[in-house]
Amino acid sequence: MATASVLTPVKHRRDGIFSTRLAGGRAPLTPSPKTPRMHVMQEQGQQESIHHSNANLMARFSRSVSKTNVRDSPKSNIASRPSRDSPRRLDQTISEFTLSGTGPRPSTATSAKNTPSRAKAGRSGSVHRTPKRSQSNINYKAADRFIPNRNASEGITSSGAAVKLDNEQTPGRRPKSSASEGSAALAAGAFDLGRHTSSSDLTSSLNFDGLNLNDNNEDDDDAPKNKPSPKTTAYQQSVAEACGVSIKQRILAFKPAAPESSRPIDLRSQYNRPLKPAAASASQFRRRVLTAPERVLDAPGLVDDYYLNLLDWSSGNQVAIGLERNVYVWSAESGTVSSLLECPADTYIASVKWSGDGAYVAAGLGSGEVQIWDVEEGSKLRSMHGHDTRVSVMGWNKHILSTGSRSGVVFNHDVRIAQHKTAELHSHTSEVCGLEWRADGAQLATGGNDNLVTIWDARHTSAPKFQKTNHRAAIKALAWCPWQTNLLATGGGSHDRNIHFWNTTSGARVNSIDTGSQVTSLRWSLAYKELVSSSGFPDNSLSIWSYPTLVKNVEIPAHESRVLHSSLSPDGQMLATAAADESLKFWKVFERKPGQANLMAGDHCTTFG
Amino acid sequence: MPSATAPSSSDKSKVHKLQIKGSAKLVTEFFEYGINTILFQRGVYPPEDFSAVKKYGLTIMTTIDDQVKAYIKKIMSQLSKWMSRSKISKLVVVITSKETGEHVERWQFDVNHTPTSTSSKSTSGSGEKENSDPVPPNSAAAAAEKTDAEIQQDIQSLFRQITASVTFLPVLDGNCTFNVLVYADADSEVPLEWGDSDAKEVKNAEKVMLRSFSTNSHRIDTVVSYRLAE
Chain A
1 MATASVLTPV KHRRDGIFST RLAGGRAPLT PSPKTPRMHV MQEQGQQESI HHSNANLMAR
61 FSRSVSKTNV RDSPKSNIAS RPSRDSPRRL DQTISEFTLS GTGPRPSTAT SAKNTPSRAK
121 AGRSGSVHRT PKRSQSNINY KAADRFIPNR NASEGITSSG AAVKLDNEQT PGRRPKSSAS
181 EGSAALAAGA FDLGRHTSSS DLTSSLNFDG LNLNDNNEDD DDAPKNKPSP KTTAYQQSVA
241 EACGVSIKQR ILAFKPAAPE SSRPIDLRSQ YNRPLKPAAA SASQFRRRVL TAPERVLDAP
301 GLVDDYYLNL LDWSSGNQVA IGLERNVYVW SAESGTVSSL LECPADTYIA SVKWSGDGAY
361 VAAGLGSGEV QIWDVEEGSK LRSMHGHDTR VSVMGWNKHI LSTGSRSGVV FNHDVRIAQH
421 KTAELHSHTS EVCGLEWRAD GAQLATGGND NLVTIWDARH TSAPKFQKTN HRAAIKALAW
481 CPWQTNLLAT GGGSHDRNIH FWNTTSGARV NSIDTGSQVT SLRWSLAYKE LVSSSGFPDN
541 SLSIWSYPTL VKNVEIPAHE SRVLHSSLSP DGQMLATAAA DESLKFWKVF ERKPGQANLM
601 AGDHCTTFG
Chain B
1 MPSATAPSSS DKSKVHKLQI KGSAKLVTEF FEYGINTILF QRGVYPPEDF SAVKKYGLTI
61 MTTIDDQVKA YIKKIMSQLS KWMSRSKISK LVVVITSKET GEHVERWQFD VNHTPTSTSS
121 KSTSGSGEKE NSDPVPPNSA AAAAEKTDAE IQQDIQSLFR QITASVTFLP VLDGNCTFNV
181 LVYADADSEV PLEWGDSDAK EVKNAEKVML RSFSTNSHRI DTVVSYRLAE
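Quick note, the sequences are listed as chains A and B, same order.
Residues 1 to 609 (the UniProt record's numbering) are what the first sequence spells out, left to right.
Residues 1 to 230 (the UniProt record's numbering) are what the second sequence spells out, left to right.
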């Protein structure tokens with residue numbers, strides 16, 4: 001609004017009409033106005049002064065408060081332009097202001113004011129001024145009178161600025177205009193207008209300069225990077241020099257992270273790699289493994305229970321298998337089968353284990369009873385009680401029979417004496433399904449449904465030596481390495497699927513394999529640095545792994561359903577597997593070349609019939 | 001690439017002149033094989049992820065892992081743009097330990113633009129046709145410029161050196177990753193995937209300067225810096 005009012009005169013000033021007005025304007029100035037007029041104008045003057053002071057205040061206020069605003073908006077740029085104009089502008093705005101300010105209502109104000117001014121004008125003889133005035137009035141009429149705040153503040157900004165300029169630039173003229181009496185304001189306005197025309201070119205150019213400068217400054221504030229001032233560049237340069245960095249170049253990084261490597265790499269093994277590519281050498285040196293079973297037997301009624309241990313191969317080359325309530329013995333040499341025992345109808349066979357000499361079979365029952373049978377005689381030697389729950393796993397160490405039960409407790413029985421129970425091993429809180437003595441009898445490893453692997457020292461059975469919690473499922477598969485006595489392999493159930501290798505002296509985990517399926521049993525080869533694992537869901541296969549490279553040599557799709565139990569022949573060449581598909585299969589997985597010795601010393605070869 | 005254009009240019013001069021663009025391509029290609037070799041030799045990725053390729057008269061291991069391949073390809077496509085506009089002054093491969101986040105090794109290839117060949121080329125080119133005395137500039141140019149075979153040989157010996165450098169570089173323990181940095185001119189266009197970075201220098205580093213090679217418009221100096229064994 002104010003800008004409009006401010007602008008209008010500017011436009012007009014450039015008109016030719018103004019020059020004539022100017023002439024008219026000047027004329028009245030010379031004859032100084034008389035008292036009556038002065039009176040009228042004094043009123044005006046007072047108000048003027050009031051407004052003026054207000055204006056100054058407001059101007060200062062608005063400046064101090066909203067300086068940035070003033071700068072930013074284009075409107076204010078326009079406003080600031082007049083502020084840089086010559087002082088007459090001030091007069092004009094003031095006069096305009098007075099006009100709007102004095103009148104209580106715009107319309108009446110104009111009429112009221114017009115009258116004296118007209119009289120004034122008439123007296124002074126300048127007719128031209130009247131239209132000019134009415135024009136300015138019209139401006140204010142058009143403007144809402146009750147927006148004085150805005151009008152004022154903006155108009156005032158300009159006027160205030162003008163006043164300041166006035167003081168600075170034309171101190172001499174200032175008193176004249178401010179102390180203008182009578183028609184002085186008008187006259188001065190006209191006069192100033194006239195003067196303005198003369199200097200308009202100059203001012204406008206100045207204004208432009210100012211604006212341009214302003215723009216630059218603003219740019220500096222907003223985006224210093226785009227156009228750094230010479231100073232900042234110099235500063236950057238000096239900093240860059242100090243840091244030893246060239247300002248003309250940037251170090252750019254390719255931001256996306258490099259893809260993860262599939263496995264950690266030990267460079268040492270890489271430097272020592274054979275000259276031929278790994279795959280070729282592996283295929284060349286890979287042992288040929290027969291993937292077809294040597295023999296398949298039916299195992300009707302084999303209980304499909306992961307936690308039981310129903311298959312064992314004796315050192316006398318006989319295979320014992322528990323089928324529901326019976327234990328059968330199959331002679332590998334003659335191929336004959338005999339039923340060894342039948343348990344009471346209210347229970348079932350939960351575990352079967354040959355003694356080390358191959359003369360006796362221990363059978364664990366669902367009732368918790370453990371029976372020991374002489375195979376040659378086909379007679380029961382003794383029954384051992386103590387467990388309340390089924391005995392699902394057993395292990396011999398000479399005359400000691402260790403039995404693990406569903407309750408999680410493991411008993412050591414000395415089978416020679418009447419008070420057979422020699423130790424209670426408390427570690428597991430859930431069913432013990434894996435139990436394996438080390439060949440030298442110094443350590444016992446047990447695995448349970450509580451996902452715990454426990455390693456016991458045979459001399460201190462009161463407390464476990466190590467308890468390993470790495471598996472995330474039940475551990476049935478446990479195997480001691482035949483050539484490194486303190487190496488134990490353990491395989492987890494379907495939720496875990498890992499084979500972990502342990503140093504049982506230090507308790508450290510030395511290696512791991514993720515097999516991808518439930519590990520139901522583990523057997524080390526006696527002749528090769530390999531071990532075989534049998535799988536449940538989803539593969540139902542046998543896998544042969546090299547150790548310590550952990551490379552899978554071969555995977556044999558062995559059974560139609562999960563492989564439950566496995567056992568190695570005494571010569572270590574043959575593996576028997578029993579699966580939930582009720583079949584017993586024999587695999588020649590560790591076939592030995594003629595003249596090849598076992599990794600263990602003191603081994604006697606037995607032939608397979 | 002050079003062999004394809006060689007017959008046509010051999011009419012004019014015996015020496016095939018690499019233009020900036022051709023040279024940039026050659027240098028970019030060198031970088032690609034260089035990065036692959038470093039990744040293989042320094043064990044950033046397992047050896048079974050690499051396969052052998054015949055290049056520069058050598059067997060060079062390049063990755064066959066799709067992700068790594070795509071990653072390097074992305075870098076190379078941008079690099080070739082920069083190279084052809086001569087915006088690059090350094091290419092750096094930084095190997096960083098995943099455990100500690102420390103930079104353990106830094107392979108820096110300095111790219112020096114040698115404008116001499118282009119100027120000599122322009123004089124010889126114009127001189128051949130217009131001037132009656134084309135022989136002196138031509139022979140001078142021939143002396144200054146290198147044949148493809150020479151360049152190949154230079155690159156070959158540099159690769160041999162990179163491969164051999166594993167003998168003195170400390171063994172990196174397993175888990176490492178790598179970053180690629182470039183030193184670009186301040187006014188070069190930078191795609192979103194590239195961002196400003198520090199130099200990723202190796203702390204307490206030993207530096208070894210390897211061989212250099214030059215094409216007619218570029219000269220590549222190679223420096224490897226590595227952490228001294230504590």
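Glycine is no exception: its CB is placed at the ideal position from the N, C-alpha and C atoms.
A:Ile556 sits in a strand when the DSSP states are folded into three classes. Per the C-alpha coordinates, the member of A:Cys343, A:His420, A:Gly434, A:His387 positioned closest to A:Thr520 is A:Gly434. Excluding the 5 residues flanking it on each side, B:Leu79 has same chain C-beta neighbours closer than 6 Å at Thr28, in chain order. Residues of the same chain with a CB within less than 6 Å of the CB of A:Trp437, apart from the 5 flanking positions on each side, are Gly395, Asn397, Leu444 in chain order. Taking 7 Å as the upper bound on Cβ-Cβ separation, chain A lies near residues Gln67, Val68, Tyr71, Ile75 of the region 67-82 of chain B. B:Lys55 sits buried, since 16 or more C-beta atoms from the chains shown fall within 10 Å of its C-beta. Pairing A:His420 with A:Met384, the inter-Cα distance amounts to about 7 Å. Annotated three-state conformation of B:Phe31 is helix, per DSSP.
At a C-beta separation below 7 Å, A:Pro548 has no neighbours in chain B, since its nearest C-beta there lies roughly 16 Å away. Taking a Cβ-Cβ threshold of 8 Å, none of the residues of chain A is close to B:Trp107; the smallest such distance is about 14 Å.
Three or more Cβ pairs closer than 8 Å define a contact, and the region 82-101 of chain B falls short of that threshold against the region 289-305 of chain A. The Cβ atoms of A:Gly368 and A:His387 lie closer than 8 Å to each other. A:Asn309 is a Cβ neighbour of A:His565, given a cutoff of 8 Å.
The beta carbon of B:Thr177 falls within 8 Å of a beta carbon belonging to chain A, placing the residue at that interface. It is roughly 12 Å from the alpha-carbon of A:Val327 to the alpha-carbon of A:Lys380. Secondary structure at A:Lys398: coil, using DSSP grouped into helix, strand and coil. Taking 9 Å as the cut-off between beta carbons, the residues of the region 183-202 of chain B near chain A are Tyr183, Ala184, Asp185, Ala186, Asp187, Ser188, Val190, Leu192, Glu193, Trp194, Gly195, Asp196, Ser197, Asp198, Ala199, Lys200, in sequence order. In the structure shown, B:Val202 falls within a coil segment according to DSSP collapsed to helix, strand and coil. Distance from the Cα of B:Thr114 is smallest, within the candidate group B:Glu32, B:Glu201, B:Val223, B:His218, for B:His218. Annotation for A:His559: Asn540, Ala579, Asp581 place their beta carbon closer than 6 Å to its own, counting only its chain and skipping 5 residues before and after. Here B:Asn204 is exposed, its C-beta having fewer than 16 other C-beta atoms within 10 Å. The beta strand (DSSP E) runs of length 3 or more contained entirely in the region 400-443 of chain A are, from start to end of the chain, 400-405, 409-414, 421-426, 432-437. Interface criterion met: the Cβ of B:Ser89 is under 8 Å from a Cβ in chain A. By alpha-carbon distance to A:Asp346, the top candidate from A:Glu324, A:Arg416, A:Gly358 is A:Glu324. Listed in chain order, the positions of the region 56-67 of chain B with a beta carbon within less than 8 Å of a beta carbon of chain A are Asp65, Gln67. Taking a 10 Å sphere around the C-beta of A:Val393, we find 16 or more other C-beta atoms and assign the residue as buried. Among the CB atoms of chain A, none fall inside 8 Å of the CB of B:Tyr33. Think of a sphere of 7 Å around the beta carbon of A:Lys353: no beta carbon from chain B falls inside it, the nearest being about 43 Å out. Shown here, A:Ala597 sits in coil according to DSSP, grouped into three states, outside any helix or strand. Under DSSP, the beta-bridge partners assigned to A:Asn309 are A:Ser351.
In the structure shown, B:Thr114 falls within a coil segment according to DSSP collapsed to helix, strand and coil. For A:Ser512, there are no C-beta contacts with chain B under 9 Å, since the nearest C-beta of that chain is about 15 Å from it. Between the alpha carbons of A:Leu522 and A:Ala489 lies a distance of about 7 Å. The C-beta of B:Tyr226 comes no closer than 8 Å to any C-beta of chain A. Considering only B:Gln156, B:Ser89, B:Ile72, the residue with the shortest C-alpha distance to B:Asn112 is B:Ser89.
With respect to the C-alpha of A:His428, the residue from A:Asp304, A:Trp545, A:Arg416, A:Ala463 having the closest C-alpha is A:Ala463.
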